Amino acid sequence: MDGTIGPSGQSLGDVGAVSASQGRSRESRAAIAFTAGGLFALVIWLVIATSGMVPASVAPLFLLGLATPLVSLAVGHGIGRRVGWVLGAMAPLLVVLIVTGAIETIAALGANRINVPLGLILAAWAFGGAPERSAYPADARSALLVAVFVAAFALPVVLAA
């Protein structure tokens, strides 16, 4: 058994066996949300990295910022492949996106800036999909994934402050 879970809870050896209706499911939407968010963040990171705008004094911190898109892409891939322990972390990870998006928006408003909370929007959209299963078992790997995800989002911000 490879740890993947199909729409009705059965273990899948082949990802191609997932039903065609998954495009509207919470799991499929979450895979799209994490992948799209990760790709967007990676493109922004690459544009800034190649623009020469990063002073040498903050280069190590800037490199740490690469963790956010990479972790998001890995989560999107894991959810898309229906890896059980990643699916167990899916709902908490979506909540993290919603909470961080709300905090970023409030902070931006406090600084008289306009912010488009892409993560919040994508996570809310993902939660709008019908789940393929009522619950997924979470284990220690699921909890560790949530901790790594939070650290990837928070550490660069905390260290920059």
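The sequence shown: position 62 = 51 (the working numbering), numbered continuously.
No residue lacks a Cβ here, since even glycine has one placed at the ideal position from N, Cα and C.
In this text, all values refer to a predicted model and were calculated from it rather than measured experimentally.
- Counting only residues of its own chain and dropping the five nearest sequence neighbours on each side, A127 has a CB closer than 6 Å to the CB of G77.
- For E16, the enclosing alpha helix (DSSP H) starts and ends at R15 to S40.
- Looking at E93, L109, I110 and A112, the one whose alpha-carbon comes closest to that of I103 is E93.
- When Cβ pairs closer than 8 Å are counted between the two stretches, the region 110 to 125 is seen to touch the region 11 to 27, the count reaching three or more.
- Residue state for V105 is assigned as coil, using DSSP reduced to three classes.
- By the CB criterion at 8 Å, S131 and W74 fall inside the cutoff.
- With three or more CB-CB distances shorter than 8 Å, the region 54 to 67 counts as touching the region 23 to 36.
- Cβ contact annotation for A91 (same chain, cutoff 8 Å, sequence separation greater than five): P106 and L109, in chain order.
- Per the coordinates, the alpha-carbon of F116 lies some 12 Å from the alpha-carbon of V85.
- For I33 and A56, the gap between their C-alpha atoms comes out near 13 Å.
- With a threshold of 16 other beta carbon atoms within 10 Å, R71 meets it and is buried.
- If only complete runs of 3 or more residues are kept, the region 77 to 149 shows no beta strand (DSSP E) anywhere.
- In the three-state scheme derived from DSSP, where H, G and I count as helix and E and B as strand, V43 is classed as coil.
- Cβ neighbours of A30 within its own chain (closer than 6 Å, five residues either side excluded): T57 and P58.
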